[in-house]
Amino acid sequence: MSQMVIARRYASALSNLAQKENSLEQVENELKDFADTLHESFELQEGLSNNKVPMAVRNNILTDVLTSMNLSPLVSTFLRYLLSKRRLSLVHDIARAFALLTQEAMGILPAEVTVAKEPRSKESKDLLEKLQEQLSASTGKTVQIHVSVDPSIIGGIVTRIGSMVIDGSIRNQLVQVRESIIRG
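Residue numbers (the numbering used here): -17 to 166.
Structure, rendered in structure tokens:
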């Protein structure tokens, strides 16, 4: 079973518990904070994942971190469970999967919009806002746009929502023109 599938299962279980406690956003933030802390500290990663370190010592290390971060009982218990199952290394993937589940539960649909250059002008920002409104209207959900820059698309935009891709880039148009010329 792939690591991402396992991470999604843990994220789903935690999401169900967080929904019952009405604390999705808090749990999402705490899980992300812990994942970031773990990612930033090689010593902490080593101390928590090294099988040569006795489990009691790893538990003490985790307890110290959880106490210093002042995490909720739900997240603390969840992280202790991950440690006991030797799955703490999946916490980054679990945090990402949990964030997606939280967005879904809140009716938020993430969209990735790729542009050729950073949208700095008011006109560019207005167009992105209009795109967000149109996508929200067509999907019936609140669309949250994340903009990334890729100069290789030359111009236009590429929009990804889930598995759907709308490619309005100049690069794509040039590829289509080239293919139609080749076909004759």
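The C-beta atom is built at its ideal place from N, Cα and C for all residues, glycine as well. Nothing here was measured: the structure is a model prediction, and the numbers come from that model.
Self-check item: beta strand (DSSP E) segment containing V147, residue limits
Solution: 146 to 151
Quiz item: The alpha helix (DSSP H) with L48 in it runs from where to where?
Solution: 37 to 51
Self-check item: Segments assigned beta strand (DSSP E), at least 3 residues, entirely inside the stretch 92 to 142
Solution: 124 to 131
Quiz item: CA-CA distance, R102 and V131?
Solution: 12 Å
Quiz item: Applying the criterion that 16 or more other CB atoms from any shown protein chain within 10 Å of the CB defines a buried residue, is F80 buried or exposed?
Solution: buried
Practice problem: Spell out a yes or no on whether the stretch 92 to 108 and the stretch 1 to 21 are touching, meaning 3 or more CB-CB pairs, one atom from each, closer than 8 Å. | Solution: no
Quiz item: Just how far apart, CA to CA, sit A77 and P133?
Solution: 30 Å
Exercise. Pull up the distance between the alpha-carbon of L6 and that of R165, whole angstroms please.
Key: 53 Å
Quiz item: For the putative contact between L64 and V73, defined by C-beta atoms under 8 Å, what is the C-beta separation to the nearest angstrom?
Solution: 7 Å
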